[in-house]
Amino acid sequence: MPLIGMVLAAFMRSPLPMIYPAMMFSLIAGNRGAFNPTRVFAAPIAFGGTIWLMSGIVVLLQPIPAALVLVIGTIYFLAFYLIQKTGNPMGILIIVAGVLMSVMGLGSYPAMNFLRAELTKAALCSAVVIPILYTLLPPTTAELKVDKPEPAVGYGWGTRAAIRTGVLLCYSVFLYTFIDFSNMMLAVAGMFVLAHSTRRSIWAETGQRMFSVFLGGTIGLSILTIMTVAGHLSVLMCLVFLGTYFLGHKMMTGRLPPMAYQDATSVMLSLVFSALATAEPTFAFVQRAGLTIAGTLVAALVVSILDILFVKEPTTMSEAIADRNAVENL
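Offset between the sequence shown (1-based) and this note's numbering: plus 166.
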């Protein structure tokens, strides 16, 4: 899939060639198991539709920054509340689309158009290519991957959602102020820890993200180093295939959760294809890896501190029962 994405990006002369391999791989890697038409077609359509919806809001409210911040903040809060209450991953999809479109729309309207168009085309390409690959290389299992979303702990949903909304708005200001267009996709990865509810899960996700960056970054840097010696397209395609194959195998056999290796593959692909477009690929690798790790650590630290200060945990059995009853009545 990354090789197909690379060829499609070159064929369509995409100004953002790293989007196609990384996004197309992520969409097919999330469909572990037998071919599931609902997942294959619903995910690209939902992502593309959310991107266009959020960009429409940004264009409509761009002349009124205060209204834009208020509306985007409300959308973030509702998305985080959805995650807290149901565990539905649709919430993080809304948040990712909102951050990308709002930050890019405020910074550069043409850049937002480019990003929206490339993300949409990559999603549509995935919906076409995935069924073909499943036909050519059918998996031996007949078991479908079924998501089992779980709600957060039964207290402090609104407070947690408000805390994460405030942190994400500050994070968006940081992205808008300091991050250039080429670093946007990796910088956004630092906010995924906000979707977690407890401090333990936040730091577990932070550790997993850091491991993914180091593993994917090490493989990506190795590919770039070899490319300085044998800079041929065929060599690049073989190395990308082998790197993806290794990490895909570890998704099924590794000791860590499969998402750790899936994230590492996305990091590897993003770093390799974005670094090849710069004059100093090693510096690009260090910069992008540093941004991802720094964003993840800062977001985890700030959310953990605010949760300690403002989220009141039940201290007695009666309070726990009252909280549970309140949750069931929502």
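Yeah, the Cβ is synthetic: ideal placement off N, Cα and C, and Gly gets one too.
Worksheet entry | Between the CA atoms of Arg179 and Ala488 - distance to the nearest angstrom | Residue placement at Ala488 is poorly supported in this model, since its pLDDT is 47, which falls under 50; the coordinates still yield a value, given next. Looking at the two C-alpha atoms, the distance is approximately 59 Å.
Worksheet item: Considering only residues of the same chain and omitting the five flanking positions on each side of Ala245, which have a CB-CB separation below 6 Å?
Response: Gly257, Ile260, Ile261
Fill in: Bounding residues of the alpha helix (DSSP H) (the contiguous stretch that carries Met270)
256-273
Worksheet item: Alpha carbon to alpha carbon, what distance is there between Leu475 and Phe439?
Response: 42 Å
Discussion item. Measuring only the C-alpha atoms, how far is Thr458 from Val379?
Written reply: 8 Å
Fill in: Residue nearest to Gly582 in terms of C-alpha spacing, selected from Cys404, Leu290, Pro305
Because the chain here runs from 167 to 496, residue 582 falls outside it and cannot be looked at.
Worksheet item: What's the C-alpha gap between Thr410 and Lys478?
Response: Going by the C-alpha atoms only, they are around 44 Å apart.
Worksheet item: Taking the alpha helix (DSSP H) that Thr410 falls in, what are its first and last residues?
Response: 399-419
Worksheet entry | Burial state of Glu284 (16 or more Cβ within 10 Å) | Classification of Glu284: buried, given that the 10 Å Cβ count is 16 or more.
Worksheet item: At which residues does the alpha helix (DSSP H) containing Gln250 begin and terminate?
Response: 231-252
Discussion item. Assuming Pro423 is part of the alpha helix (DSSP H), what are its boundary residues?
Written reply: Per DSSP, Pro423 belongs to no alpha helix (DSSP H) and is neither H nor E.
Worksheet item: If we call anything under 8 Å between Cβ atoms a contact, is Val359 one with Thr372?
Response: yes
Item to complete: Closer than 6 Å by C-beta to Gly171: which residues in its own chain qualify, once you throw out the five before and the five after it? Chain order, please.
Response: Scanning its chain for C-beta atoms nearer than 6 Å, with the 5 sequence neighbours on each side dropped, one finds around Gly171 the residues Tyr186, Pro187, Met190, in chain order.
Fill in: Buried/exposed call for Pro210, threshold 16 Cβ in 10 Å
buried
Worksheet entry | Beta-carbon spacing of Ser432, Ser192 below 8 Å | yes
Worksheet item: In three-state terms, what does DSSP make of Lys478?
Response: coil
Worksheet item: Between Tyr247 and Gly273, what straight-line distance do the alpha-carbon atoms span, to the nearest angstrom?
Response: 28 Å
Worksheet item: Cα-Cα, which of Val469, Leu169, Met357 is closest to Arg326?
Response: Of the candidates Val469, Leu169, Met357, the one whose C-alpha sits nearest the C-alpha of Arg326 is Val469.
Worksheet entry | Candidates Asn197, Val464, Val173, Phe207, of which the one nearest Cys336 by Cα | Nearest option by C-alpha distance: Val464.
Worksheet item: With a Cβ-Cβ cutoff of 8 Å, do Val401 and Ile392 count as a contact?
Response: yes
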